[in-house]
Structures are given as structure tokens and as C-alpha cells.
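Protein chains in written order, with numbering that gives the first Met the number 0: chain A, 0 to 217; chain B, 0 to 217. Note that the Cβ used here is the ideal one computed from N, Cα and C, for glycine as well. Please read these numbers as outputs of a predicted model, since none were measured by experiment. A quick write-up on the structure given underneath.
Protein chains: 2
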Amino acid sequence: MAAAVGTSSELESVRVTRILRDDIVLGRRAPGSRLVERDIAAELSVSRLPVREAIRTLVSEGVVVARPRTWAVVREFTRRDIQDFAEVREALETLIFIFAAERHDEIGIGRMRRAYERELEAARADDTEGARKAAAEFHEVAVELASNEMLGELIAVFLTRLRWLFGQHENLLAMADEHRIILEAMAARDTETLRRIVPAHLASGQTAAEQRLALRGS
Amino acid sequence: MAAAVGTSSELESVRVTRILRDDIVLGRRAPGSRLVERDIAAELSVSRLPVREAIRTLVSEGVVVARPRTWAVVREFTRRDIQDFAEVREALETLIFIFAAERHDEIGIGRMRRAYERELEAARADDTEGARKAAAEFHEVAVELASNEMLGELIAVFLTRLRWLFGQHENLLAMADEHRIILEAMAARDTETLRRIVPAHLASGQTAAEQRLALRGS
DNA sequence: ACGGTCACAGTGGGATACCAAAAAGTTGAT
DNA sequence: ATCAACTTTTTGGTATCCCACTGTGACCGT
């Protein structure tokens with residue numbers, strides 16, 4: 000589901016949600032900072048309702064914490080939270096690639112291969128943004144090939160947290176190479192190899208997040 | 000009837016959510032039937048606001064479908080949805096029991112054993128309600144022992160769908176026996192056995208849901 | 001200084017009334 | 001019968017008002 004440009008009739012609540020989400024993920028709103036409905040409504044020139052809905056949505060995405068009758072705050076993640084998150088993500092992503100390996104067709108593999116090739120090319124050109132986009136498509140196509148809507152739904156919810164906690168993977172070439180291995184195993188429907196390498200793939204991105212957290216103290 | 004002591008400060012939105020959820024799960028609102036904010040608000044003598052929030056919550060729980068600017072409807076599940084759901088659930092529950100097996104302590108195993116014993120006793124007495132409650136506690140303690148909050152969060156979201164799709168497991172004694180096997184494997188920290196038997200445990204409950212669906216003609 | 005009490009401001013939850021925009025439903029012309 | 005135009009229904013959103021509860025800090029007694 001790509002950009003969808005000038006959607007003239009975008010719901011206010013959706014717009015507000017996107018703005019707040021970006022504020023949080025991009026660090027413009029720090030963990031622990033207050034989200035006061037009235038203030039945000041004033042800032043964005045909307046009524047309190049869309050803001051309320053946006054906050055609810057972000058709570059369900061796990062990046063905001065709200066208690067009744069007080070302000071909501073941007074969630075503060077602990078080392079433990081990151082560990083928990085990584086464990087669950089490992090299981091879900093492994094599942095995706097295994098299902099995709101079992102169910103893919105030639106067309107799907109072709110799409111993944113093209114995404115991988117674009118990723119590799121961008122990585123070699125040190126084009127961070129391009130590599131990130133291609134890698135994202137690699138994952139999206141995999142979810143599609145897994146043909147399990149509920150899994151897709153779950154991953155979608157996790158995606159915000161993922162963006163926030165892990166940011167982009169630094170060494171683009173290493174990631175592209177890992178994707179190549181995953182792709183080959185998928186094409187060969189080699190689920191056993193996937194069960195081994197996907198967790199390793201994820202682990203390589205995890206330390207970065209933990210280090211960033213350590214720097215902030217927490 | 001209303002057991003709950005007059006919790007004076009229950010949020011209306013929470014109350015409305017619970018009522019609607021029960022209506023859906025218990026079949027008082029059929030799949031496909033409309034959820035009209037205004038009408039529900041009138042029925043329950045509240046304003047549209049709590050109803051709106053309740054509907055959003057139920058959408059995030061996956062039992063209601065809402066499109067912009069029209070009424071929401073109770074979700075209609077297809078055979079495929081149930082299949083998808085079962086696949087994801089299998090992975091998550093396996094994860095829970097494996098983590099719980101790796102991380103439990105004596106006290107935790109004791110709590111699970113007592114829950115199991117109450118379940119068995121209730122099952123022998125043909126006490127459906129009692130067995131269901133004890134089985135639920137069995138699962139809850141397992142989630143707790145898994146000590147992964149995010150996993151617990153995920154399972155909580157799934158729980159409504161679970162209740163709705165699968166209802167109660169029919170043969171209480173068979174379920175209790177499966178729980179015994181899981182419990183013993185957990186106590187022995189035998190994750191390999193768990194990886195084998197948990198999926199089997201879940202599969203035994205799945206056919207019932209599919210048959211019920213088939214009767215309704217999907 | 002210190003710890004607890006208490007009053008008050010801040011904030012979300014909810015009610016009410018109203019409007020706009022889009023979808024759903026109805027009617028009528030062809 | 002089909003499709004276009006019209007009407008109705010319904011949600012999304014704005015604007016206010018009020019209440020219950022939370023958080024905070026001043027006050028007080030020790």
C-alpha cells in the first residue's frame with residue numbers, strides 16, 4: 000500500500016495519527032513527554048476528537064501509554080521491552096518467511112528478486128533511502144506471499160514499534176547479503192535453513208538498538 | 000446476576016465495549032449485522048462518544064469491520080480467516096509454552112499444577128464453566144511465566160477472536176489430559192516435546208470451529 | 001527539615017447540539 | 001431492466017459545557 004498522494008479526503012484522525020506517530024518515531028517527541036489532547040488539538044487546529052482517536056491508535060501500536068483521566072505519555076522502553084520485542088519479532092518473521100517459502104509462486108519470487116537487486120544496487124551506491132525502501136518492499140512481498148492476512152495485520156501493528164526502536168539498519172551491504180541468503184532459501188523452499196538464518200538476520204540489527212538505549216541511560 | 004461489585008468508576012467506554020463484545024461473542028449480534036452508533040447509544044443510554052470508542056476497540060480486536068463514513072458491521076469470518084488465525088495462534092502459543100518452560104520457577108509450576116487439577120476435577124464433574132475457568136487460568140499463568148509482556152499483549156488482542164471463533168472446547172476431559180502433558184513437559188523444561196504437542200493440542204479444537212462455520216454456509 | 005493533608009488547577013471522559021461530506025438507499029426517466 | 005438523480009442515513013468533526021479524577025504544590029504540625 001504505497002503513498003497514495005493527494006488524497007483530498009483524508010480523515011483528520013488519520014492525519015493527526017500520522018503526524019504524532021512521525022513525531023514520536025523521529026524523536027521530536029521524547030519518551031516520557033506528555034500528550035495533552037487540548038494542546039495538540041490547538042497545535043494542529045483540530046478539535047479534541049481526532050486527537051483522542053489518534054492517541055488511542057498509537058496506544059494500540061504500543062508507542063504511547065495512556066491511563067484514564069490523565070495525560071498520555073510517549074512510551075519509555077526498557078532494555079527488557081526491547082528484548083521481549085525481539086523475541087516475538089523473531090518468531091513472527093521466521094513464520095512469514097517459512098510460509099512464503101512454502102506458498103510462493105514464480106511471479107512472487109521474481110518480485111522479491113527484483114526488490115533484492117534494487118536493494119543491493121542502492122547499498123553499493125551508498126543510497127541509504129533507496130536501500131531502505133527496497134528492503135521494506137522485500138519484506139512486504141514476503142508477507143504477501145505468506146498469504147496469511149492475520150499475520151500481515153500483526154506485523155503491521157509491530158511496524159511502528161520496529162521503526163522507532165531499531166531505526167534503519169546500518170551496514171546496508173551486510174543486510175542485502177542476508178536478504179540474498181533468505182531469498183535463495185525461499186526459492187528452494189528450504190524451510191529448515193530459514194528457521195536457522197532468519198533469527199540470525201534479526202539479531203544482527205538488534206545490538207544497535209540496545210546500544211542506542213544504553214547511551215540514553217534508561 | 001451482575002456479580003461485579005458496584006465499581007463506581009468504570010469508564011462508560013469500557014462498559015459499552017464489554018457489552019458489545021459479549022453481544023458479538025455470544026452470538027446476539029450476528030456477523031454482518033450493522034453497528035449504528037446512534038442506535039447503540041440510545042439502547043445503552045449513553046452518548047455516541049463511548050460507542051465510537053468501543054467500536055474502534057473492537058475493530059482493533061478484529062471482530063468488527065469499519066469503513067469510513069458508514070456503519071461498522073460485525074466481522075464475517077471465512078474458512079480462510081480461521082485457517083490463518085489458527086496458524087498464527089499455533090506459533091504464538093508454542094512460543095508461550097516454550098518460554099514458560101525455559102523460565103518458570105517452582106512456584107509458577109505449582110500454580111499451573113493447581114489450575115490443572117481444578118480443571119481435571121471440574122471436567123470429571125462435567126462442570127463446563129468451572130473447567131473453562133481453570134483452563135483459562137492455566138493459560139494465563141503460562142503467559143505470566145513466559146515473562147514476555149509483548150507476547151502477553153499480543154495474546155490479549157487475540158483472545159476475543161479466540162473466544163468468538165472457537166467457543167469452548169467440547170470434550171473437557173481430553174483437553175485436561177492435553178494440559179497435563181503440556182504441564183509435564185514444561186516442568187521438565189522439555190521444549191522439543193512442547194514444539195511437537197502444542198500444535199497438536201490446538202488442532203484438536205480447530206475442527207469444531209470449521210464445522211460450525213460450514214453449517215452456517217460461510 | 002520532614003512527612004502528611006488538603007485544596008486547587010489540570011486533564012480526560014462524557015453529554016449535547018450542530019454541521020458537512022460521503023455512503024446507502026430510493027425514485028424516476030429512459 | 002438500467003442507470004442517473006435525488007433523498008436519507010450515518011459517520012467524522014467542531015464547539016461547548018460539565019464532572020470526576022489525578023497530580024501538584026502549598027500549608028501545617030511535628
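Would you mind giving the Cβ-Cβ distance between residue i and residue j, rounded to the nearest angstrom? I have them listed as a contact below 8 Å.
i: D235 of chain B; j: L161 of chain A; result: In the structure as shown, chain B starts at 0 and stops at 217, and residue 235 of chain B therefore has no counterpart that could be examined.
i: A99 of chain B; j: L144 of chain B; result: 4 Å
i: A114 of chain A; j: E136 of chain A; result: 4 Å
i: W163 of chain A; j: V24 of chain A; result: 5 Å
i: V243 of chain B; j: E11 of chain B; result: Chain B is shown only over 0 to 217; residue 243 of chain B falls outside these bounds and no answer can be derived.
i: T190 of chain B; j: I95 of chain B; result: No, T190 of chain B and I95 of chain B are not in contact; Cβ-Cβ is about 12 Å, not under 8 Å.
i: V156 of chain B; j: E60 of chain B; result: 6 Å
i: R37 of chain B; j: R47 of chain B; result: 6 Å
i: I181 of chain B; j: L172 of chain B; result: 15 Å between Cβ atoms; not a contact.
Are the C-beta of residue i and some C-beta of chain A separated by less than 7 Å?
i: L158 of chain B; result: no
i: D83 of chain B; result: yes
i: N147 of chain B; result: yes
i: V50 of chain B; result: no
i: I180 of chain B; result: no
i: S12 of chain B; result: no
i: S46 of chain B; result: no
i: R17 of chain B; result: no
i: S217 of chain B; result: Reliability of the predicted coordinates at S217 of chain B is poor, the pLDDT of 43 falling under 50, and the value obtained from them is presented with this limitation in mind. Not closer than 7 Å to any Cβ of chain A, the Cβ of S217 of chain B fails to qualify, so no.
Relative to the alpha-carbon of residue i, which residue among the options has its alpha-carbon at the smallest distance?
i: A29 of chain B; options: B:V62, B:T127 and B:A186; result: B:V62
i: E9 of chain A; options: B:V58, B:V24 and B:P67; result: B:P67
i: N170 of chain B; options: B:V142, B:A122 and B:E75; result: B:A122
i: H200 of chain A; options: A:E118, A:H178, A:D22 and A:E128; result: A:H178
i: T69 of chain B; options: B:I39, B:R33 and B:L193; result: B:R33
i: I81 of chain A; options: B:E148, B:T190 and B:R131; result: B:E148
i: G109 of chain A; options: A:V140, A:F76 and A:I180; result: A:V140
i: D125 of chain B; options: B:F165, B:V87, B:M174 and B:A90; result: B:M174
i: H138 of chain A; options: A:E128, A:T127, A:G129 and A:I154; result: A:I154
i: V73 of chain B; options: B:D22, B:A184, B:P198 and B:S44; result: B:D22
i: E75 of chain B; options: B:E86, B:V58, B:R47 and B:E89; result: B:V58
i: V197 of chain A; options: A:R131, A:R102, A:R20 and A:E89; result: A:E89
i: V142 of chain B; options: B:R79, B:V24, B:M185 and B:R37; result: B:M185
i: E116 of chain B; options: B:G166, B:K132, B:E105 and B:V35; result: B:K132
i: L119 of chain A; options: A:E105, A:A134 and A:I106; result: A:A134
i: R188 of chain A; options: A:H103, A:L48 and A:G26; result: A:H103
i: T77 of chain B; options: B:M111, B:I106 and B:G31; result: B:G31
i: M111 of chain A; options: A:A202, A:V87, A:E183 and A:R195; result: A:E183
So who's on the other strand from residue i, going by DSSP bridges?
i: V63 of chain A; result: A:V73
i: D34 of chain B; result: The amino acid occupying residue 34 of chain B in the given sequence is Leu; Asp does not appear at that position. Bridge partners of L34 of chain B: B:A71.
Mind checking if residue i is an interface residue toward chain B, Cβ cutoff 7 Å exclusive?
i: E9 of chain A; result: no
i: L150 of chain A; result: yes
i: P198 of chain A; result: no
i: E94 of chain A; result: Just to set this straight, residue 94 of chain A is Leu in the shown sequence, not Glu. Closer than 7 Å: yes.
i: E86 of chain A; result: yes
i: S59 of chain A; result: yes
i: P67 of chain A; result: yes
i: A90 of chain A; result: yes
Meets three-Cβ-pair contact criterion under 8 Å: the segment 49-59 of chain A and the segment 15-34 of chain A: yes
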